[in-house]
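*Asks:* Attaching a single structure in structure tokens format; questions to follow.
What follows is the structure, given as structure tokens:
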């Protein structure tokens, strides 16, 4: 009697883009319709999740600052287990799987377990949010280099960001709202001008997106007084002045407050 081979499962690490479902790649959209199981992050846009057919099983592993519904090691184990069981598993991640998405760790786990895995790139938040704001991350007159960093890393003060912001450079900070004051202090202490323009893109690419612009020295205060909420991206550099944004230096008393601050620096 012929042996029945186990079904061949496969894991797909799929980028969902920055929020707007129209920015999903065609390949990603097709996989959402054909998967057996979709394991998704909390940052995946509601419009993207609405594209998933009702009969497809889905599991949320949404993470919040300092509180995870499921630790990364358990997510890795689940992805491997379900794929080895013969399922077509889509790991749906906000933005791009490999830009602050821990996709590299999940790919390592799949390789170690001998699981077939393919990566489908997505538009990362930096590119998507900046484009919506009309903000060129590089510009011949302002910036020839761009860097991405995470603003909520442990021991932020120990992170070496020297040379990442300043003349001719753009710095894009993911997950930086909670440490906005510390980020401004860190950059200024490293020699970045307090007058360098910054922009914050809140809920980028969605219908209720908000873009705010000010100077680096005002970053932390701006986040507080405007009650900026996650998800949001901080962009530091001369290119930020080109954004289609609300100029928050125009708020009553803000410019004078910044000027007074400079007097003591």
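In our numbering, the protein residues as written are -18 to 246. Where is the CB? At the ideal position from N, CA and C, for every residue including glycine.
1. Could you tell me which of 33, 84, 129 sits nearest to residue 75, measuring between CA atoms?
2. What are the boundary residues of the beta strand (DSSP E) that includes residue 191?
3. Taking DSSP's pairing of strands, which residues face residue 172 in a bridge?
4. Roughly how many whole angstroms lie between the Cα atoms of residue 118 and residue 221?
5. Check whether the Cβ atoms of residue 156 and residue 131 sit closer than 8 Å, and answer yes or no.
6. By alpha-carbon positions, which one of 40, 93, 122 ends up nearest to residue 65?
7. Look at the alpha carbon of residue 97 and the alpha carbon of residue 79, and state the distance between them as a whole number of angstroms.
8. Are the stretch 147 to 156 and the stretch 183 to 203 touching by the rule of at least three beta carbon pairs closer than 8 Å?
9. Check for me: the beta strand (DSSP E) holding residue 98 runs from which residue to which?
10. Does the ligand COA have a heavy atom nearer than 7 Å to the CB of residue 205?
11. Could you give the distance in angstroms between the alpha-carbon of residue 50 and the alpha-carbon of residue 121?
12. Take the Cβ of residue 86 as the centre, count every other Cβ of all protein chains shown within 10 Å, and call the residue buried at 16 or more, exposed below.
13. Which residues bound the alpha helix (DSSP H) around residue 29?
14. What does the alpha-carbon distance come out to for the pair residue 53 and residue 70?
15. Distance, Cα to Cα, residue 246 vs residue 172?
16. For the 8 Å Cβ check, are there 3 or more pairs between the stretch 212 to 230 and the stretch 161 to 179?
17. Note down, in chain order, each residue of its chain lying with its Cβ closer than 7 Å to the Cβ of residue -18, except the 5 sequence neighbours on either side.
18. For residue 209, which of helix, strand or coil comes out of DSSP?
19. Out of 9, 216, 111, which has the shortest C-alpha to C-alpha gap to residue 146?
20. For a quick check, are the C-beta atoms of residue 29 and residue -3 less than 8 Å apart?
21. DSSP three-state label for residue 124, please.
22. Ordered along the chain, which non-local residues of its own chain (more than five positions away) have a Cβ less than 7 Å from that of residue 14?
23. Can you tell me the Cβ-Cβ gap for residue 108 and residue 151, rounded? I've got them flagged as a contact below 8 Å.
24. Apart from the five residues just before and just after residue 161, which ones in its own chain have a Cβ nearer than 6 Å to its Cβ?
25. Contact check, residue 214 vs residue 106 under 8 Å by CB: the rounded distance?
26. Could you name the residues of the same chain whose beta carbon sits closer than 6 Å to that of residue 183, not counting the 5 residues immediately before and after it, in chain order?
27. Our contact map puts residue 195 next to residue 230 with C-beta atoms below 8 Å; I'd like the distance itself, whole angstroms only.
28. Suppose the cutoff is 6 Å on Cβ atoms and the five residues either side in sequence are ignored; what does the same chain contact list for residue 111 look like?
*Replies:* According to the structure data:
1. Nearest C-alpha to residue 75: 84.
2. If you look at residue 191, you'll find it in the beta strand (DSSP E) that goes 191 to 196.
3. Within the DSSP secondary-structure output, residue 172 pairs in no beta bridge.
4. If you take the alpha carbons of residue 118 and residue 221, they lie about 8 Å apart.
5. The Cβ-Cβ distance between residue 156 and residue 131 falls below 8 Å.
6. The closest CA to that of residue 65, considering only 40, 93, 122, is found on 93.
7. Those two C-alpha atoms are separated by around 17 Å.
8. With the cut-off at 8 Å, the stretch 147 to 156 and the stretch 183 to 203 do not touch.
9. Run containing residue 98: 98 to 101, per the beta strand (DSSP E) assignment.
10. With respect to small molecules bound, the structure shown includes none, and the ligand COA cannot be examined in it.
11. One Cα belongs to residue 50, the other to residue 121, and the distance between them is close to 44 Å.
12. With a 10 Å radius around the Cβ and a threshold of 16 neighbouring Cβ atoms, residue 86 comes out exposed.
13. Boundaries of the alpha helix (DSSP H) around residue 29: 27 to 30.
14. Approximately 16 Å, taken between the alpha carbons.
15. Residue confidence is low: residue 246 scores 49 on pLDDT, short of 50, so the model does not pin down where it sits. Its coordinate-derived value is still stated next. Approximately 12 Å, taken between the alpha carbons.
16. Yes, they touch.
17. In this predicted model, residue -18 has a pLDDT of only 48, less than 50, meaning its place in the structure is not dependable enough to derive any value.
18. DSSP places residue 209 in coil when its eight states are reduced to three.
19. Between residue 146 and the set 9, 216, 111, the nearest pair of CA atoms involves 216.
20. In this structure, residue -3 lies closer than 8 Å to residue 29 by Cβ.
21. Reduced to three states, the DSSP call for residue 124 is strand.
22. These residues qualify, in order along the chain: 34.
23. Contact between residue 108 and residue 151 is absent: CB atoms are separated by about 12 Å, not below the 8 Å threshold.
24. Residues 200, 201, 204 of the same chain have their beta carbon placed closer than 6 Å to that of residue 161, with the five preceding and five following residues left out of the count.
25. Indeed, because the Cβ distance is near 5 Å, the residues count as touching under 8 Å.
26. A distance below 6 Å between beta-carbons, with the five flanking residues on each side excluded, links residue 183 to the following residues of its chain, in chain order: 191, 209, 213.
27. Correct: roughly 6 Å between the Cβ atoms.
28. Apart from the 5 residues on each side of it in sequence, residue 111 sits with its Cβ closer than 6 Å to the Cβ of 118 in its chain, given in chain order.
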